[in-house]
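The listed protein sequences correspond, in order, to chains A and B.
Letter by letter, the first sequence follows residues 9 to 269 in my numbering.
Letter by letter, the second sequence follows residues 9 to 269 in my numbering.
We put the CB at the ideal spot given by N, CA and C, even for glycine.
Keep in mind that this is a model prediction, so the values were computed, not measured.
2 protein chains.
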Amino acid sequence: MQQRRPSSTGAAEGTATGAEALAAFRQRLAGRESLGRGVELALEHMIETGALQPGARLNEAELAAQLGVSRGPVREAARALERTGLVTVILNRGAFVRSIGLDEVMQTYELNAVLFGHAAALLAARLDPAQAAQLRATAAGMDDSVATGEREAFFSGNTLFHQQIVEFCGNRPLCDVYLGHTRKLLLLRRRSFDAAGNMRAANDEHHRLLAAILAGEAEQARRHAEAHTRAGRARYLAAIAHGEAAEDNKTPKGKKRHVGN
Amino acid sequence: MQQRRPSSTGAAEGTATGAEALAAFRQRLAGRESLGRGVELALEHMIETGALQPGARLNEAELAAQLGVSRGPVREAARALERTGLVTVILNRGAFVRSIGLDEVMQTYELNAVLFGHAAALLAARLDPAQAAQLRATAAGMDDSVATGEREAFFSGNTLFHQQIVEFCGNRPLCDVYLGHTRKLLLLRRRSFDAAGNMRAANDEHHRLLAAILAGEAEQARRHAEAHTRAGRARYLAAIAHGEAAEDNKTPKGKKRHVGN
DNA sequence: GGTCTGCGGAATGTAAACAATAAACACGGT
DNA sequence: ACCGTGTTTATTGTTTACATTCCGCAGACC
């Protein structure tokens, strides 16, 4: 079946990997969320694992068949992902996995620095003992990960640490925005992220930040949090500097398009 | 036709006001956006004008008939509004216009203060002459509005002023988040807003902020911008203090539900 | 009298069918 | 040989139809 359209889903043939992923997500949602939501998670998973690479188009019919659902939920999921910032949809052309430009990465880091800094400042002024204990536990776990060199464990600990700080800060909108943008970066630039390691430095920064929060020093906490985010940005830059090609364009707008496969 | 479900759209009978609104939006979009997008704008308009009040349920079939489209685009619009934060959808129960609690309003103001402050700081360091001219023009227009006492003109000038600052700051994600949250507040708490006037004070704050930006004083601009937002919050609080009942609950979750109309 | 169970109906969730759009191919003119 | 135009076809946008879920009420049972 030759196809005239530029690029297809990519992981089309053979792999029914999406279907089982959807099943898993749907079970995890336990019927408390709609099917479209499950498809959304499945698509996120496919983006995360690279089954859907930046620039790829989300063929509704194909994905629907692959996931064993109708086009409706797929459409719904695609629009949801658009709001999340993971895909771009063009009228009558479909949804494309975004490839986020370096400038946008920088701007997002900048935004996250401000948000994270403010969260830390807020938290320093309202921390309760239970939260303090949780933060300490998370930090301790990361110390272990650093000692044993477990990158994956450190990575999830790092995510949890940041998540706890913004959640504990008490400002829900801020928390949502921060986590959303962080997730976006994670999903669209994943490979660069785990290469950006340097756990030790990050861990030290965490401890300094945590100390300021525990001490109730709001402004100091803000500075440490901002600095930590900016340091993370620097590590990211260093990682991609020699690691891989810097950038691709944002959206298949004019003629140029991704090679697909 | 008696209806068992708690509340209906409210503006159901007679008024085909939604249909013409949709037609207008669809023409404005000029076929460059999907129908669902037009419905989304129409629904926003209905929320803004109060045709859909907080707590009201969005009956898909009813709205579809009213707007002269099918349920599909209505669903799509409802989900879009959910991500915008204007409605809450509950599985198998439908979409409800959110009634945003006072605590969330406060948190959103807090977030906006930080974002607006940072935007001002960024802008102070990168302002170009053309942008400076535009900001001056906007400020001048608001001066006129204050002088003549035109509340509506001042209101739109105010919106434009804030919008220009965040757009000129160069950080797109920040801009999007700020404008989105501001819009949310505007649509869900509109009546309180235009009562919160006190144009003169706000105008003075604008001038102080603009002066700092034009002078390139980043940190001072940040302080002024944050202070301005917090002052706006204070004005808002003062306005609702004696104006109207403070709050209702966020979402029709358990048994309690809005009276409808 | 109160509580629980079963029925009825309306509205949402999902799937399938129809219509419209845009890209790729093929042809003909210049 | 190149460019423009007409045609074809896949794919999305939209409508319609079907399945499922949940709420409210009535009657029976305790």
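Asked, Found
"Element boundaries [alpha helix (DSSP H), containing A/Gly149]", "Pro137 to Thr156"
"B/Ala138 to B/Asp151 span [Cα, whole Å]", "20 angstroms"
"8 angstroms Cβ cutoff met for B/Thr96 and B/Arg106", "yes"
"Chain-ordered residues of the stretch 111 to 126 of chain B with a beta carbon less than 8 angstroms from chain A", "Glu112, Gln115, Thr116, Glu118, Leu119, Val122, Leu123 and His126"
"Interface positions of the stretch 178 to 195 of chain B facing chain A (Cβ-Cβ less than 7 angstroms), listed along the chain", "Asn179, Arg180, Pro181, Leu182, Val185 and His189"
"Start-to-end residues for the beta strand (DSSP E) that takes in B/Gly102", "Gly102 to Val105"
"CA nearest to the CA of B/Glu68, picked from B/Gly46, B/Gly102 and B/Gly39", "B/Gly102"
"Where the beta strand (DSSP E) containing A/Ile98 begins and where it ends", "Val95 to Ile98"
"Alpha helix (DSSP H) segment containing A/Glu84, residue limits", "Arg79 to Thr92"
"The stretch 148 to 162 of chain B: positions lying closer than 7 angstroms to chain A by Cβ", "none"
"Beta-ladder partner(s) of B/Arg159, from DSSP", "Paired residues: none, contrary to the question."
"Coil, strand or helix - A/Leu66 by DSSP", "strand"
"Alpha carbon of B/Arg12 to alpha carbon of A/Ala32, nearest angstrom", "Here the model assigns B/Arg12 a pLDDT of 42, short of 50, so the residue's position is not dependable and the matter cannot be decided."
"Test item: CB-CB of B/Cys183 and B/Leu131 under 8 angstroms", "no"
"From B/Leu196, B/Met54, B/Ala226 and B/Ala239, residue whose alpha carbon lies closest to that of B/Ile108", "B/Leu196"
"Short CB-CB distance (under 8 angstroms) between A/Glu278 and chain B", "The question about residue 278 of chain A has no answer, for chain A in this structure spans 9 to 269."
"7 angstroms Cβ cut-off: residues of chain A touching B/Leu99", "Arg40, Glu41 and Ser42"
"Terminal residues of the alpha helix (DSSP H) in which A/Gly44 lies", "Leu43 to Thr57"
"Closer than 8 angstroms to chain B by CB, A/Glu234", "no"
"Min CB distance A/Ala86 to chain B below 8 angstroms", "no"
"Inter-residue Cα distance where the pair is A/Tyr244 and A/Glu112", "13 angstroms"
"Beta carbon proximity, A/Arg238 to chain B, threshold 8 angstroms", "no"
"Beta-carbon proximity check, B/His126 vs B/Arg40, cutoff 8 angstroms", "no"
"Spatial neighbours of A/Ala161 in its chain, beta-carbon cut-off 7 angstroms, leaving aside the 5 residues before and after", "Ser153"
"Beta-carbon separation (whole angstroms), B/Gly93 vs B/Lys192, contact threshold 8 angstroms", "5 angstroms"
"For A/Glu118 and B/Glu175, the rounded distance between their alpha carbons", "15 angstroms"
"Backbone secondary structure at A/Glu225 - three-state DSSP", "coil"
"Pairwise C-alpha distance: B/Ala86 and A/Pro260", "Confidence is the limiting factor: at A/Pro260 the pLDDT is only 44, short of 50, which leaves the residue's position unreliable and the question unanswerable from this model."
"CB contact flag (A/Thr237, A/Ala133, <8 angstroms)", "no"
"Residue-chain proximity (A/Arg241, chain B), Cβ-Cβ < 8 angstroms", "no"
"Secondary structure of A/Ile108, DSSP reduced to three states", "coil"
"Whole-angstrom C-beta distance between A/Gln228 and A/Ala220, which should lie under 8 angstroms", "4 angstroms"
"Local Cβ density within 10 Å of A/Ile248, reported as buried at 16 or more and exposed below that", "buried"
"Coarse secondary structure for B/Asn179, derived from DSSP in three states", "coil"
"Nonlocal neighbours in the same chain, by C-beta distance under 7 angstroms from B/Leu218, ignoring five residues either side", "Leu143 and Ala147"
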